[in-house]
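Visitor:
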Amino acid sequence: MPIVKILSEFFGNEQARDLQWRLKHGGYEAARKAFREMQPDEVTQEVIKANLRGLGGAGFPTGRKWTFVPKDSDKPTYLAVNCDEAEPGTFKDRYIVEWDPHRLIEGIIICSYAVAIHTAYVYIRGEYVRPYERLQKAIDEAYEAGILGKNVLGNNFQLDVFTHRGAGAYICGEETGLLESLEGKKGWPRLKPPFPALVGAFGCPTVINNVETLSHLPKIIEKGGQWFADLGVERSGGTRLFALSGCVNKPGVYELPAGTPFRELIYEHGGGILDGKELKAIIPGGTSAAVLSADQVDLPMDFDTLAKVKSMAGSGAVIIMDEDVCMVKALHNIQNFFAHESCGQCTPCREGTSWVYRILSRIVEGKGSPSDVETLRGLNQNMSGTSICALCEGASMALGSFLEKFGDEFDYYAKYGRSYVEDARKGAVAV
Amino acid sequence: MPTLTIDGQEITVEAGIPVIEAAKRLGIYIPRYCYHPGLSLAGSCRMCLVEIENMPVLQISCYTRVQDEMKVVTDSEKVRVARRAMLEFLLSEHPLDCPVCDQSGECDLQNFYMEYGRYDSRFAENKVKKKKAFPIGPHVMLDQERCILCTRCVRFTEEVSKSNELGVLNRGSHSVIDLYDDKTLDNPYSGNVIDICPVGALTEREFRFQCRVWYLDTQESICNGCSRGCNISLHYNATARTYKAGGKRVMRVKPRYNPEVNQWWICDDGRFGYEFIDQNRIEFPYIRTDSDLEMSTWEEALQKASGAISGALETVGPEGVGIIVSPQLSNEDLLIVKRLFVEELGISNLALKNPWQKPGYEDDFLIKADRNPNTQGAEKIGFKGDAKAILEKAAEGKIKVLYIFWHGFEDDEAAELLGKADFVIFHGVNWNGSAEAADVVLPGVTHAEKDGTFTSFEGRIQRFNQALLPIEEARNDIEILLDLAGKLGYAIEISGEQAFEEWQGLTHEALGEHGTATTSEAPTEA
Ligand SMILES: Cc1cc2nc3c(=O)[nH]c(=O)nc-3n(C[C@H](O)[C@H](O)[C@H](O)COP(=O)(O)O)c2cc1C
Ligand code: SF4
Ligand code: SF4
Ligand code: SF4
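Shown next, in the form of structure tokens:
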């Protein structure tokens, strides 16, 4: 199949950030088409037909999510654009915002038209200074050109887009943590239900979508939902941006059809494993996803397949580990992240993530004992299915899968105080 | 109305209530830390997890609403495992402070650990250090290490006191409860956070290290701090006036739930205003000899008082005697006062209020400007008017004997008038200007030392019960009055409760747990 570039069409092209250039290259044509030829509901139907799934991590069908917004509400409906991009290994939304911000703005317009939204907030990761500047500039230009504001693209439709910069918290990417933060509060995830489609920002119905999800909309409207659906697999249409990192020769962002096998991403596009080493493990969708072993390299990268093997496609962040990676140290690093980023609201996550991290720290310092691994297994059980949001679930998925697939390395480290992988490299494995 | 099954028992409840409340109606107490019926839902402690049929994972029963045909299990193995897990998480960082912690004995960490925990500790890490034992306001100490971050205190300051002093700072296991910059926990309701804190993180400065809670007895009472009539419990040490506590018997005051009056709360004035019960008390009867007040026997004091009253009645008649009652007296006390002085002796120089007392702070929550618990009751029984006219008559010599209950006339003008009175009988509990100026001092008792009722500003009659014996030689006020009546030649045989029944047509018992609106007619002229 020829490689279709939707989102990455203009990556690397300095001119694409410029509104005038972008207008000459298809910019805002799909939005114009939607206004001209389609009823709002038809836009939503097209998106449903496209099998577009949420690319922020959860993979929820996008068009269906929009239909949950009540049509008869006397309150305004808001759009919250999730550009918090903080899942370790994920760096694809920044490419869109840095190289092609008008694609996102056009997506925002299309979604807003479909759901009758007149105010959109882009919640952007605080550390993303350059992406923020580029996006803000593009928004300003769009206002000046009459693309945003009182009469969007000359139509009787008002849309205002505001950027809101985060202050450096992973949890503000969780959709209700994001809403709290947007409202000026501490980013503590809310209890659900009610879901944001009913009660979201400022108590009003709210659509929350990821940057990449929304950026797909222009092409879907231009070429039709069926065209998009056909690019992907059965229940996941189109392409997605895979952020490839770790022990590969050519890390980077690759746009590939949903359902492409890991092998193709790693060996054809990523140039294979660094220094020609053996593949050991793959984290398929950000560190919250369960780790896969090398023998799972032929699995297709799509939401349903990976869910079946108890992992997840998540944010499309693929992290590669080769034979020399010590899985104990890798997990130690990952759990450091979760302990640091737990918002601290609910008991199992606040106490569990920090406890797990400290046990792993002790093991890595050579002060572990065999019972520690048992304790980790127990804690993992207690952290699963008991928390308010999915952060704890993610920490537990990572922990559980590392212990399940690489348990021997943990037992060894806890028992001898040294890394099995490093001992093996030196030919000094204890027996 | 949905009908659901909880642990095999069927119950029908109104729609929309949480499962945790439905369970309570069946007598099933689901353990909880963050849930408090008077606060918004946090759903964060994860202690109240229960099993609900057809749900893939355990659900929190504080947030889950009842539904028709719902099947809930609150005590399965799966639930107990989860509770144990949450306790283990909460206790993993918890300091081993119980031996020196005031909460010990009434701590929900201890309680639920004994019920659901009982595991061997597997926490081998160093505990996170946080700030210990520092005052965050005039009445409250915070120990961040003991805090389990249930956020009840934060929600209280946001939703009930609406003063927003407290918040959760930092993130993850470094989260702490603390004051926001430039704030102190000094709102008029600050003490309530101590009650709702399920552990020993927020403790009462006044109570700290005074007494172990298992040495305390409790009695149901009504706050005498203002006319709201908040329901309280007196926590007292019955055994002795302990050396350690500086002679205090009442050790602390806690709010008692009354949905119609104060819900779960009381104000700080009420909570910390109990010291008059044990301090500055008039412990013995006194009579004036020459210019000094000297301790006397009851016989002597009552003889002297009755002699003076009889004398005035004989020489001047009923106009020769003035009675200033107090809105701190119970309805029963006041009914006996009325019976003796008004109905039997025909006295009409009556007053209730101290016009020199400035009205207090008032808000739209609990605190009322009238700092007396029974102004309504006194008025309904027939006492009204302010004391100034009576004091003036006494100063002019028209009133020969002045009988003053409780009021301390200490304002310059009042003291001057009082100084000119011929003969003053003071009947009250604490030393004050009126007592010091009196010719006979009769020590009565506080509401902690007797049974009775107060009528709140809304007309709600509520019972309070005796917790303590009268201090030293002090006597129940009704006994004093009946004795005095005897000395004056009137054998009145009636108890306070009988008088109440005659007045209201109700027994004390019939007032029920939450009191009842008064049924009597408009104030009778006395
Ligand atoms: C802890 C946590 C962090 C998350 N971070 C992000 C994020 O940075 N960006 C994002 O788009 N979604 C993030 N999500 C997913 C969002 O909650 C939400 O599902 C998503 O924004 C919905 O948009 P989509 O349907 O377009 O994917 C996160 C979820 C969790 C639980
Ligand atoms: S699971 Fe973790 S991040 Fe999510 S609400 Fe609970 S403490 Fe916060
Ligand atoms: S809060 Fe409870 S468990 Fe903690 S030290 Fe005090 S009594 Fe012990
Ligand atoms: S101080 Fe007490 S009430 Fe406040 S959060 Fe901590 S444990 Fe809860």
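Residue numbers (our numbering), protein chains in the order written: chain D, 1 to 431; chain Z, 1001 to 1526.
Yeah, the Cβ is synthetic: ideal placement off N, Cα and C, and Gly gets one too.
#1: May I ask you to report which of helix, strand or coil DSSP gives Z/Gly-1428?
#2: Quick check: the segment 379 to 388 of chain D against the segment 339 to 358 of chain D, are there 3 or more CB pairs under 8 Å?
#3: Would you decide whether Z/Tyr-1033 is buried or exposed? Buried here means 16 or more other CB atoms lie within 10 Å of its CB.
#4: Counting only beta-carbon atoms, is Z/Phe-1089 nearer than 7 Å to chain D?
#5: Tell me Z/Met-1295's beta-bridge partners as DSSP assigns them.
#6: Assuming the contact rule is C-beta atoms closer than 8 Å, Z/Ile-1399 and Z/Gly-1322 should be a hit. Round their C-beta distance to whole Å, please.
#7: Under 7 Å, Cβ to Cβ, is there at least one residue of chain Z near D/Asn-382?
#8: Which of helix, strand or coil does DSSP assign to Z/Leu-1026?
#9: Quick one: does D/Cys-346 have its CB under 7 Å from some CB of chain Z?
#10: Put Z/Thr-1003 into one of helix, strand or coil per three-state DSSP.
#11: Is the CB of D/Glu-46 under 7 Å away from at least one CB in chain Z?
#12: Go to Z/Tyr-1113, then tell me how far its beta strand (DSSP E) extends in each direction, as first and last residue.
#13: Using only the heavy atoms of ligand 4, determine whether one of them is closer than 6 Å to the beta carbon of Z/Arg-1152.
#14: List the whole-angstrom C-beta distance separating Z/Ala-1474 from Z/Pro-1443, where the pair is believed to meet the contact cut-off of C-beta under 8 Å.
#15: Quick one: give me the first and last residue of the beta strand (DSSP E) that D/Tyr-113 is part of.
#16: In whole angstroms, what separates the C-alpha of Z/Phe-1284 from that of Z/Leu-1402?
#17: Do three or more CB pairs link the segment 333 to 345 of chain D to the segment 303 to 313 of chain D at distances below 8 Å?
#18: Is any beta-carbon of chain D found at less than 7 Å from that of Z/Cys-1045?
#19: Determine whether the Cβ of Z/Ser-1456 lies closer than 7 Å to any Cβ atom of chain D.
#20: CB-CB under 8 Å to Z/Phe-1068, same chain, minus the five flanking residues each way: which ones, in chain order?
#21: Does any residue of chain Z bring its CB to less than 7 Å from the CB of D/Glu-174?
#22: Distance check for D/Val-161 and D/Ile-139, CA to CA, integer angstroms please.
#23: Given D/Gly-12, which residues of its chain have a CB within under 6 Å of its CB, disregarding the five upstream and five downstream residues?
#24: Where does the unbroken alpha helix (DSSP H) through D/Ser-181 begin, and where does it stop?
#25: Are the beta-carbon atoms belonging to Z/Asn-1430 and Z/Leu-1366 less than 7 Å from one another?
#26: Less than 7 Å between CB atoms is the rule here; does D/Thr-375 satisfy it with respect to chain Z?
#27: Out of D/Val-421, D/Leu-391, D/Leu-376, D/Val-253, state which residue places its alpha-carbon closest to the alpha-carbon of D/Trp-99.
#28: So does Z/Leu-1202 have its beta carbon nearer than 6 Å to some heavy atom of ligand 4?
#29: Using 6 Å as the cut-off, classify the Cβ of D/Glu-180 as near or not near the heavy atoms of ligand 1, replying yes or no.
#30: So, with DSSP's three-state summary, where would you put Z/Gln-1376?
#31: Helix, strand or coil for Z/Ser-1092 per DSSP?
#32: Z/Glu-946: buried (16+ other C-beta within 10 angstroms of its C-beta) or exposed?
#33: Please determine, among Z/Asp-1108, Z/Pro-1095, Z/Glu-1260, the residue with the shortest C-alpha to C-alpha distance to Z/Pro-1198.
#34: From the DSSP output, in three-state form, read off Z/Ile-1052 for me.
#35: Using a C-beta to C-beta distance shorter than 8 Å, which residues of chain D count as neighbours of Z/Tyr-1063?
#36: Using a threshold of 7 Å, state whether the C-beta atoms of Z/Gly-1385 and Z/Trp-1406 are closer than that.
Guide: This is what the structure gives:
#1: Within the second sequence, residue 1428 of chain Z is the residue found at index 428, counting from 1. Correct three-state label for Z/Gly-1428: strand.
#2: They touch, by the three-pair rule.
#3: Translated into the one-based positions of the second sequence, residue 1033 of chain Z becomes position 33. Classification of Z/Tyr-1033: buried, given that the 10 Å Cβ count is 16 or more.
#4: What you label residue 1089 of chain Z is simply residue 89 of the second sequence in a count that begins at 1. Taking Cβ atoms only, chain D reaches closer than 7 Å to Z/Phe-1089, which makes this a yes.
#5: Walking along the second sequence from the start, residue 1295 of chain Z turns up at place 295. DSSP output for Z/Met-1295 lists Z/Tyr-1286 as bridge partner(s).
#6: Taking the first residue of the second sequence as position 1, residue 1399 of chain Z is located at position 399. Taking the first residue of the second sequence as position 1, residue 1322 of chain Z is located at position 322. The Cβ separation is near 4 Å, so the contact holds.
#7: Position 382 of the first sequence holds residue 382 of chain D. The C-beta of D/Asn-382 comes closer than 7 Å to at least one C-beta of chain Z.
#8: Along the second sequence, read from residue 1 onward, the residue named residue 1026 of chain Z stands at position 26. Three-state DSSP puts Z/Leu-1026 in coil, outside helix and strand.
#9: Position 346 of the first sequence, counting from 1, holds the residue named residue 346 of chain D. At least one beta carbon of chain Z lies nearer than 7 Å to the beta carbon of D/Cys-346.
#10: Taking the first residue of the second sequence as position 1, residue 1003 of chain Z is located at position 3. Three-state DSSP puts Z/Thr-1003 in a strand.
#11: Translated into the one-based positions of the first sequence, residue 46 of chain D becomes position 46. In terms of beta-carbon proximity, D/Glu-46 stays away from the interface with chain Z, with every pair separated by 7 Å or more.
#12: Taking the first residue of the second sequence as 1, we reach residue 1113 of chain Z at position 113. Taken as a continuous stretch (DSSP letters only), Z/Tyr-1113 belongs to no beta strand (DSSP E), being part of the alpha helix (DSSP H) at 1108 to 1116.
#13: Looking up residue 1152 of chain Z in the second sequence gives position 152. Yes; taking the cut-off as 6 Å, the Cβ of Z/Arg-1152 has a heavy atom of ligand 4 nearer than that.
#14: Numbered from its first residue, the second sequence carries residue 1474 of chain Z at position 474. Numbered from its first residue, the second sequence carries residue 1443 of chain Z at position 443. Distance from Z/Ala-1474 to Z/Pro-1443 at the Cβ level is roughly 4 Å; contact confirmed, criterion being Cβ atoms closer than 8 Å.
#15: Position 113 of the first sequence, counting from 1, holds the residue named residue 113 of chain D. Premise fails: D/Tyr-113 lies in the alpha helix (DSSP H), 101 to 115, not in any beta strand (DSSP E).
#16: The residue you call residue 1284 of chain Z lines up with position 284 of the second sequence. The residue you call residue 1402 of chain Z lines up with position 402 of the second sequence. Between Z/Phe-1284 and Z/Leu-1402, the C-alpha separation is close to 20 Å.
#17: Using a C-beta cut-off of 8 Å, the segment 333 to 345 of chain D makes no contact with the segment 303 to 313 of chain D, since fewer than three inter-stretch Cβ pairs fall below that distance.
#18: Locating residue 1045 of chain Z in the second sequence gives position 45, counting from the first residue. Output row for Z/Cys-1045: interface = yes.
#19: Indexing the second sequence from 1 puts residue 1456 of chain Z at position 456. With 7 Å as the cut-off, Z/Ser-1456 does not count as an interface residue toward chain D.
#20: For the purposes of this step, residue 1068 of chain Z is taken as the residue at position 68 of the second sequence. It is worth fixing the name first, because residue 1068 of chain Z is Asp in this sequence and not Phe. The beta carbon of Z/Asp-1068 sits closer than 8 Å to those of Pro-1002, Thr-1003, Leu-1004, all from its chain and outside the five residues before and after it, given in chain order.
#21: In the first sequence, the residue the question calls residue 174 of chain D occupies position 174. No, its Cβ sits nowhere closer than 7 Å to a Cβ of chain Z.
#22: For the purposes of this step, residue 139 of chain D is identified with residue 139 of the first sequence, where counting begins at 1. For the purposes of this step, residue 161 of chain D is identified with residue 161 of the first sequence, where counting begins at 1. Taking the straight line joining both Cα atoms gives about 7 Å.
#23: Within the first sequence, residue 12 of chain D is the residue found at index 12, counting from 1. So the list is empty, once near-sequence residues are dropped.
#24: Reading the first sequence from its first residue, position 181 is the one you call residue 181 of chain D. Run containing D/Ser-181: 175 to 182, per the alpha helix (DSSP H) assignment.
#25: For this step, residue 1430 of chain Z is matched to residue 430 along the second sequence. For this step, residue 1366 of chain Z is matched to residue 366 along the second sequence. Going by C-beta atoms, Z/Asn-1430 is not nearer than 7 Å to Z/Leu-1366.
#26: On the first sequence, position 375 is the one that residue 375 of chain D refers to. Judged by the 7 Å Cβ criterion, D/Thr-375 is in contact with chain Z.
#27: For the purposes of this step, residue 99 of chain D is identified with residue 99 of the first sequence, where counting begins at 1. Answer by Cα proximity: D/Val-253.
#28: Taking the second sequence and counting its residues from 1, the one referred to as residue 1202 of chain Z is at position 202. Yes.
#29: Numbered from 1 along the first sequence, position 180 holds the residue referred to as residue 180 of chain D. For ligand 1, no non-hydrogen atom lies closer than 6 Å to the CB of D/Glu-180.
#30: Reading the second sequence from its first residue, position 376 is the one you call residue 1376 of chain Z. Here Z/Gln-1376 sits in helix by DSSP.
#31: On the second sequence, residue 1092 of chain Z is found 92 positions in, with the first residue counted as 1. In this structure, Z/Ser-1092 counts as helix in the three-state DSSP scheme.
#32: What is shown of chain Z runs 1001 to 1526, which leaves residue 946 of chain Z out entirely.
#33: Numbered from its first residue, the second sequence carries residue 1198 of chain Z at position 198. It is Z/Asp-1108.
#34: The residue given as residue 1052 of chain Z occupies position 52 in the second sequence. Judged by DSSP in its simplified three-state form, Z/Ile-1052 adopts strand.
#35: Mapped onto the second sequence, residue 1063 of chain Z falls at position 63. Result: Leu-191.
#36: Position 385 of the second sequence holds residue 1385 of chain Z. Position 406 of the second sequence holds residue 1406 of chain Z. Going by C-beta atoms, Z/Gly-1385 is not nearer than 7 Å to Z/Trp-1406.
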